[in-house]
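Encoded as structure tokens, the structure appears first; notes follow it.
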Amino acid sequence: MKALDKLRLGVNIDHVATVRNARGSTYPDPVRAAEIAEAAGADGITAHLREDRRHISDEDIDRLMAALTLPLNLEMAATDEMQAIALRHIPHAVCIVPENRQEVTTEGGLEVARQENRLGDFIAPLREAGIRVSLFIGHEPEQIEAAARIGAAVVELHTGAYCDFHHAGEIARRDAELERLTKGAALARRLGLEVHAGHGLTYDTVQPVAAVPEVRELNIGHFLIGEAIFRGLENAITEMRRLMGEARK
Ligand code: PXP
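Using the working numbering, the first residue of the sequence shown is number 27, and each one after it goes up by one.
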């Protein structure tokens, strides 16, 4: 059987900044976390600059851009402010996410189909600047087709519901969700999109997603930063990589 392409791991360091900000201190430093992630074999660093700056700050983005040798994937809402920041920094990639001030985390995928024109216009200058544009969406075919039509290079499929069903012990619903994600990944690939996946992934949930052949990158944050409390960040990432590699064989 043909070996699958290597699956990249993007480590999301937002919650190192969440802990730092809880005390208004200068530590723990998300840039240091990014350096450790690199040493542990991460392929990229992901950081979400939220409108309310609840974790990652503008200064963190400045420092990450200066310090990182790995590609930075900047997650952001489709606002003029964020577009200007991305164009100032030119990160390797930008992942457009829906953002709602009240939410604890990114709850659902981006509505692309109903705002195709607006999002197409929004991503055009980013694409022209050479930034790889990714859209964080659900697995619905209409969202995937709209992402392809507006010229996104990548779609990141939201794995949150799949993970929630798993942890709630709702196995039939989890498996149905995984099936939809798998079909969505295949459709996206057929349309020429690169496929990423993420949100809520843990050691228990990563392997079935990692085994989907069209998926080229996983972005994982909250679980890894939490697990780092118990086994250290480097070990937490190494184990995630091991599980990903095993699933990919
Ligand atoms: N991908 C996207 C687009 C996200 O918004 C997030 C959360 O910031 C993640 C991946 C990572 O999710 P988690 O922190 O639950 O692993």
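Ideal Cβ positions, reconstructed from N, Cα and C, are used throughout, including at glycine.
Any heavy atom of the ligand PXP closer than 6 Å to the CB of residue i?
i      : result
His193 : no
Ile246 : yes
Gly164 : no
His81  : no
Val238 : no
Val123 : yes
Glu182 : yes
Glu101 : yes
His225 : yes
Asn38  : yes
Considering only C-alpha positions, which residue in the set the options is nearest to residue i?
i      : options                           : result
Leu96  : Asn38, Ile170 and Arg199          : Asn38
Gly156 : Asp201, Leu113, Ala103 and Ile197 : Leu113
Glu101 : Ile122, Pro117 and Ile82          : Ile122
Arg79  : Leu94, Gly70, Arg46 and Arg58     : Arg46
Ala174 : His248, Leu250, Gly258 and Val138 : Val138
Phe162 : His192, Pro124 and Tyr53          : Pro124
Cys189 : Ala172, Leu207, Ile176 and Thr105 : Leu207
Ala59  : Ala93, Val235 and Arg140          : Ala93
Phe249 : Gly258, Arg242 and Gly50          : Gly258
Gly67  : Met266, Glu196 and Ile82          : Met266
Leu30  : Glu240, Asn245, Leu269 and Glu253 : Glu240
Ala48  : Val232, Leu33, Lys209 and His81   : His81
What does DSSP give as the partner residues of residue i in its beta bridges?
i      : result
His222 : Glu182 and Glu243
Met102 : Ile122
Asn38  : Thr72
Arg144 : Its beta-bridge partners do not exist; DSSP assigns none.
Ile163 : Leu183
I think residue i touches residue j, with their Cβ atoms under 8 Å apart; what is that distance to the nearest whole Å?
i      : j      : result
Val180 : Leu227 : Rounded, the Cβ-Cβ distance is 17 Å, inconsistent with contact.
Glu182 : His222 : 4 Å
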